[in-house]
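Counting the sequence shown from 1 gives a position; the working numbering is that position plus 83.
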Amino acid sequence: MPFIRECIVTTVRENGSTHIAPMGIHDDKGSLVILPFKPSSTLDNLERHGTATLNYTDDVRIYAGCLTGRSDWPTCSTEVIEGMRLENCLAHTELEVTDKIDDPVRPKFFCKTVHEEIHGPYYGYNRAQSAVIELAILVSRLHMLPLAKIHQQIEYLKICVDKTAGPRETEAWGWLMEKVDSFQISNKENLQ
């Protein structure tokens, strides 16, 4: 059974700029699989360039920022593939696509690791960091999940934020809650 690595995926756009997106990457006994939704920039970039970089970071603002219009994070060049990685990531993995299985919703891109590098120590996540990542996943699915389920999850996750958040986690949580509130307001207006 594969497990999922939550990380930040960087890919190259058609104009050469960097696209940054939080994603869960499937790790099936060392084989890495990227499953972008259709349509998405990550999907287009993988099909065009056939490469991606997985960035591992403990700055959960990047997860929240990418979902709330704050995607201008510092990047630098990768080592082997033609691409970019997060400048302040703790580690990164450079990938090349080796195979693809098409799907009407989420194609599967099978990838091989061509380079990995550690840039700094990882001290683990506190509960607030994990809660922010979970809320980021919920926010990415606002259009797919019932609001009641989202609010139920938020109530539970907020306990972790209240108990263990530092300034970065508090900021990220606030960005995501603004997105939830905005979605709820526009949803109410559309129903009237």
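For glycine and all other residues, C-beta sits at the position ideal for the given N, C-alpha and C.
(message) When you compare the CB positions of leucine 115 and leucine 169, do they come within less than 8 Å of one another, or not?
(response) no
(message) Taking the alpha-carbon of methionine 84 as reference, which of Glu252, His109, Arg96 and Leu218 has the nearest alpha-carbon?
(response) His109
(message) Whether or not the segment 239-259 and the segment 204-223 are in contact is what I'm after, with contact meaning three or more pairs of Cβ atoms, one per stretch, closer than 8 Å; do they touch?
(response) yes
(message) Within 10 Å of its beta-carbon, does histidine 102 have 16 or more other beta-carbons around it, so buried, or fewer, so exposed?
(response) buried
(message) Just to confirm, is the Cβ distance from tyrosine 139 to cysteine 194 under 8 Å?
(response) no
(message) For a test of the three-state rule: what should DSSP assign to histidine 202, helix, strand or coil?
(response) coil
(message) Three or more C-beta pairs under 8 Å: does that hold for the segment 131-147 against the segment 156-165?
(response) yes
(request) May I have the straight-line CA-CA distance separating isoleucine 145 from glutamate 254, to the nearest angstrom? (result) 11 Å
(message) Distance check for glutamate 252 and aspartate 142, CA to CA, integer angstroms please.
(response) 8 Å
(message) Starting from aspartate 127, trace the beta strand (DSSP E) in both directions and tell me its first and last residue.
(response) It is not in any beta strand (DSSP E) - aspartate 127 instead sits in the alpha helix (DSSP H) that spans 124-132.
(request) Verify whether the separation of the beta carbon atoms of leucine 173 and histidine 202 is less than 8 Å. (result) yes
(request) Leaving out five residues on either side along the sequence, give the residues of the same chain with a beta carbon under 6 Å from the beta carbon of alanine 214. (result) Leu240, Cys243 and Val244
(message) Taking the alpha-carbon of proline 119 as reference, which of Gly107, Leu228, Thr158 and Lys112 has the nearest alpha-carbon?
(response) Gly107
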